[in-house]
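In our numbering, the protein residues as written are 384 to 587.
Presented below is the structure to which this report refers.
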């Protein structure tokens, strides 16, 4: 059972937070306008007002690692949370559902850092270039000869048969097939045909 202490500036907000936290696996052991009254054995403190986070730093440092959850609509509290000797922490949107608040509190108490997706997108670095970005780019077009070769590959012809049909060397056919696979991002001849069909380059 996760023991939680609620901190909020008004009794009404504390009552709301207690109701939203109430659920399986969590018990609210108390509340107050400051963290000063939090028992030493609580697993997590839930702050209803992120503005009180800076004021709570001294208490947090003095009482040892716990989890801290704060309600906020921007990522500013993250800088402070990351500096504290916490077991885990979470930033939860002010309009988060009871299930979201409970889930974030549970995760923080287990040593995780939790951010809403919208806030995480602002804090975390952009993804490194990957296959995702390459998929957004326009693929390099095939040359007329490469399209001829791909069409013959789609009909099941071997490199030797394609060479005879086009009056070119088998080595040249191999070069064209490799180029086709590279441009289409294909791992094999069959994959190249499949990708060619999807792009309208081949009609079976």
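Each residue gets a CB set at the ideal place from its N, CA and C atoms; glycine is no exception.
Since this is a predicted model, take the numbers as computed values, not measurements.
With burial defined as no fewer than 16 other Cβ atoms inside 10 Å of the residue's Cβ, what is the status of residue i: buried or exposed?
i, result
"residue 417", "exposed"
"residue 492", "buried"
"residue 588", "The question about residue 588 has no answer, for the chain in this structure spans 384 to 587."
"residue 578", "buried"
"residue 581", "exposed"
Candidates the options: which alpha carbon is nearest residue i's?
i, options, result
"residue 393", "570, 431, 419, 451", "431"
"residue 409", "395, 475, 425", "425"
"residue 422", "488, 468, 573, 386", "386"
"residue 428", "469, 461, 477", "469"
"residue 433", "551, 565, 462, 550", "462"
"residue 419", "402, 567, 388", "388"
For residue i, which beta-bridge partners are listed by DSSP?
i, result
"residue 471", "450"
"residue 414", "389"
"residue 409", "385, 406"
"residue 428", "388, 451"
"residue 496", "472"
Secondary structure at residue i, three-state DSSP: helix, strand or coil?
i, result
"residue 580", "helix"
"residue 551", "coil"
"residue 395", "helix"
"residue 486", "helix"
"residue 373", "Residue 373 lies beyond the stretch modelled for the chain, which goes from 384 to 587, so this question has no answer here."
"residue 538", "coil"
"residue 400", "helix"
"residue 523", "coil"
"residue 575", "helix"
"residue 530", "helix"
"residue 419", "helix"
Could you check how far apart the C-beta atoms of residue i and residue j are, in whole angstroms? I think they sit under 8 Å.
i, j, result
"residue 561", "residue 553", "Actually they do not touch by this definition, with Cβ atoms about 13 Å apart."
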